[in-house]
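Step one of this worksheet: look at the structure below.
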Ligand SMILES: Cc1ncc(COP(=O)(O)O)c(C=O)c1O
């Protein structure tokens, strides 16, 4: 397998070539969003410079080019996650994908039905379900986490019952870095109740590991382009074609219809019936360029690089006095997402001092308040690495953390 050259990759990302507070920028906030390579920036710029038009609705040359590029992006995206082209619905991001899906599925839920989530979900895979549970009388149950920050798999056989309608879980935790065995969990859930609808929040997994919807056995899967070197404002909802046929659209309007009369409307087939209004064509073009960029590096090589950074990051952070890693210390099935607390320091102060060293990390509850409550924490700092990060970046992070501790007098 080819090994990634993070220095060479870094040179593809113009934004990374700058100084912040007189230090070379070390960007370690990839869990929030990733930076964009020239391939993506140029694809979007070319699209707007030469091909921009609305799609599907006209026969002129530019409309035809825009439509071809939009549909080509759908094909590339489908290939990337092992889906069929018609199973890819473009949305504005993971949150939008999940909201649209939840609101479509609510027609299939009634009082007493059960929705199973996990304690490590992002708010975007919690709040929409809570809203729907309030509306329908469905009940939410939670797969707990163990003391090693993994899902407690022994609880699944008890939590999944004949009443379970939905199992919706994150593939990779944006706080803990845990890579969940979603394939095995879905298999077990469906062996207990074959009607369970299995949904995967793949916002953090699609960028980091090979994701194949057929292999995972999921019914739906959501992710955002911007966390995988693509642009903001575009995301994906995958749905199994046989399930999309009967799924009600919850966004209606132009572009998703076959015929509209004063009294009634007939919808187009999937995926179009879920894409009302003018689509984000440039976003889809950017997403296609991003997935093509990642495919050229190969997901196997990316996975290996992510693992190497996880091993090194855990090793180095473990050497820092008074630093507590919020996540498994075992790099197996773990992404390079390092949440941590430092005795005597607030995450906000840590973030500010690191910024003065040119190191970009994030502090807070990372949109996972129930998880923080379970961990009895108010917040944490989070450094999250991606393909352009090297071991030297981790070294810079450690230097900056130690400098911050010195300022606060908590270095010994
Ligand atoms: C695990 C997970 N799910 C969902 C989301 C929401 O993604 P977006 O803000 O792109 O909709 C995020 C973003 O941080 C995430 O990490």
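In our numbering, the protein residues as written are 602 to 1013.
Here a beta-carbon is modelled for each residue, glycine too, at the ideal position from N, C-alpha and C.
Between residue 628 and residue 961 the beta-carbon gap is near 5 Å, inside 8 Å, which marks them as a contact. Ranking 637, 623, 632 and 622 by CA distance to the CA of residue 616 puts 637 first.
Judged by their CB atoms, residue 692 and residue 835 are nearer to each other than the 9 Å cut-off.
Between the region 853-861 and the region 686-702 there are fewer than three C-beta pairs closer than 8 Å, too few to call the two in contact. Taken in chain order, the unbroken stretches of beta strand (DSSP E) that lie wholly in the region 868-948 and span 3 residues or more are 924-926 and 938-943.
Taking all protein chains in view, the Cβ of residue 859 is surrounded by fewer than 16 other Cβ atoms within 10 Å, so the residue is classified as exposed. Take residue 957, set aside five residues on each side of it, and the residues of its chain with a beta-carbon closer than 6 Å to its own are 622, in chain order. Spatial neighbours of residue 684 in its own chain (CB-CB distance under 7 Å, excluding positions within 5 residues in sequence) are listed in chain order as 814 and 839. Within the same chain, 648, 652, 882 and 886 come within 7 Å of residue 670 by CB-CB distance, once the 5 residues on both sides are set aside. Residue 940 and residue 981 have their C-alpha atoms spaced approximately 6 Å apart.
DSSP assignment within the region 779-841 yields the following whole beta strand (DSSP E) runs of 3 residues or more, N-terminal first: 798-802, 821-825 and 836-840. For residue 603, the shortest C-beta to heavy atom distance toward ligand 1 is 8 Å or greater. With a cut-off of 8 Å on Cβ pairs, the region 903-918 is in contact with the region 985-1004, counting three or more such pairs. With respect to the C-alpha of residue 809, the residue from 711, 901 and 966 having the closest C-alpha is 901.
In the three-state reduction of the DSSP assignment, residue 848 falls in the coil class.
Counting the other CB atoms within 10 Å of its CB gives residue 1006 a total of 16 or more, which places it among the buried residues. The nearest non-hydrogen atom of ligand 1 is less than 8 Å from the C-beta of residue 774. In terms of Cβ geometry, residue 799 and residue 780 do not form a close pair [threshold 9 Å].
Ranked by how close their Cα comes to the Cα of residue 658, the residues 947, 950, 972 and 879 have 879 in first place. In the displayed model, residue 962 falls within coil according to three-state DSSP, outside both helix and strand. Note that the C-beta distance between residue 1001 and residue 959 is below 9 Å. Within the same chain, Cβ atoms closer than 8 Å to the Cβ of residue 700 are found at 725 and 729, the five residues on either side in sequence being excluded. Taken atom to atom, the span from the alpha-carbon of residue 950 to that of residue 733 is near 38 Å. Screening all residues for a C-beta within a distance smaller than 5 Å of any heavy atom in ligand 1 leaves 694, 695, 696, 723, 725, 771, 775, 802, 804, 805 and 825, in chain order. For residue 642, there is no enclosing beta strand (DSSP E); the residue is found in the alpha helix (DSSP H) stretching over 639-647.
For residue 673, the secondary structure class from DSSP, reduced to helix, strand or coil, is helix. DSSP places residue 607 in the uninterrupted alpha helix (DSSP H) bounded by 607-611. Boundaries of the beta strand (DSSP E) harbouring residue 984: 981-985, taken from the DSSP string.
Counting the other CB atoms within 10 Å of its CB gives residue 861 a total below 16, which places it among the exposed residues.
The shortest CA-to-CA distance from residue 935 to any of 749, 641 and 633 is the one to 749.
Residue 715 carries a strand assignment under DSSP once its states are collapsed to helix, strand and coil. Beta-bridge partners assigned by DSSP to residue 1003: none are found. Comparing alpha-carbon positions, the option among 930, 903, 983 and 970 lying closest to residue 948 turns out to be 983.
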